[in-house]
Structure formats: C-alpha cells, structure tokens
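Per the numbering used here, the sequence shown starts with residue 28, numbered consecutively. Following: one structure in structure tokens, then a few remarks.
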Amino acid sequence: MDAYNGEQEEEEFSSSKDADLSNRLKDIPQDRLVEEIIALWDEVNNLEFELIKNKNNDIPKKYSTEKDRSIIADYEEKIRVADIKIARLEKQLHNEKIRRESLDLDVEKIKKLELENTNLLKNEEELMILIMDMERHIEKLVDSIKEK
28 MDAYNGEQEE EEFSSSKDAD LSNRLKDIPQ DRLVEEIIAL WDEVNNLEFE LIKNKNNDIP
88 KKYSTEKDRS IIADYEEKIR VADIKIARLE KQLHNEKIRR ESLDLDVEKI KKLELENTNL
148 LKNEEELMIL IMDMERHIEK LVDSIKEK
C-alpha cells in the first residue's frame, strides 16, 4: 500500500478538476456537505472494520494465497480513496465556510452603506427645503426693498 503523501494531496486540490468541483459545491448547502463527509467517514470505518475482521478471521491462514492478498489490497485501496475523498470534502467545506462568512460580512457592509445613503438623502432633502425657504425669504426681502 502506498504511503499517504500530503504534498500530492495539495496538488490534487489545486487541479482544475478540483476547481470545477469547488464551483459545483458552492451551491450545495453546508449541512449537506457535512452529511456527505460523515457518510464517507462511516464508509471508511466500515471498510476498516471489514479489513480488521477479515485479518482476524484469517490469521491462522497467514494469507498464504494470492486471493487473500488481493482482497486486502482491494480494501486498503478503498480506504485510501475514501480518505482522499474525506480530506477533499473537508477542505471544500472549510473553503465554503470562509466564503459564506465573507458573504455575511459583505451583506452587513451593504446594509450599513444603504442606511448611510438613506440618511444622506434625507439630509439633502432637508437642506433643499431650507434653501427653498431661504430663497422665498430673499424674494420677499427683494420685493419689500423694491416697494420702498
């Protein structure tokens, strides 16, 4: 069985396939992604349990046949693939959490700016009313000066 290599895993995350998968996962609810990870963990645990059970049942045989070795290799490969899937989904879940937190911050900023804009528009309206009122007073003063 090949040893797990963290650098190879990082290269897999940076591939275009992972980017495509990441884009597709953006629309999937976070709860569903968590359920997927839990399901994969359960699958890995079941595979590991089966592997241990088969090893314990066949200890007297010492796996002398090629068939037994291939069964073990098959289970080990399934576990390795499941571990990679779990790691990928965990990373995507983490990225999705970060993206959603960022989105929440952006929504808060937008609300704050909208409130500020509303206040500025209200202030502008009040100032326009004040200017119009002052213009009327100026006209009255001009008219009164002309009459005298």
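We put the beta carbon where it would ideally sit given N, CA and C, even for glycine. Note that the structure is a prediction, hence the values are computed from the model and not measured.
By the criterion of a C-beta distance shorter than 7 angstroms, ILE64 is surrounded in its chain by ILE113, LEU116, GLU117 and LEU120, once the five residues flanking it on both sides are discounted. Taking the Cβ atoms as the reference, LYS105 lies roughly 5 angstroms from LEU74, within the contact range of under 8 angstroms. The distance from the Cβ of GLU123 to that of LEU48 is about 12 angstroms, inconsistent with a contact at the 8 angstroms cut-off. The closest CA to that of ASN72, considering only GLN57, VAL108 and ASN150, is found on VAL108. DSSP, reduced to helix, strand and coil, places THR145 within a helical segment of the structure shown. 8 angstroms or more divides the Cβ of GLN57 from the Cβ of ARG126. Cβ-Cβ distances below 8 angstroms link SER171 to nothing in the same chain once the five nearest sequence neighbours on each side are left out. Separation of LEU130 and LYS139 (C-alpha to C-alpha, rounded to the nearest whole angstrom) is 14 angstroms. Just so you know, the alpha carbons of GLU174 and GLU166 end up roughly 12 angstroms apart. In this structure, the beta-carbon distance from LEU67 to TYR102 does not fall below 8 angstroms.
When DSSP states are grouped into helix, strand and coil, LYS53 belongs to the coil group.
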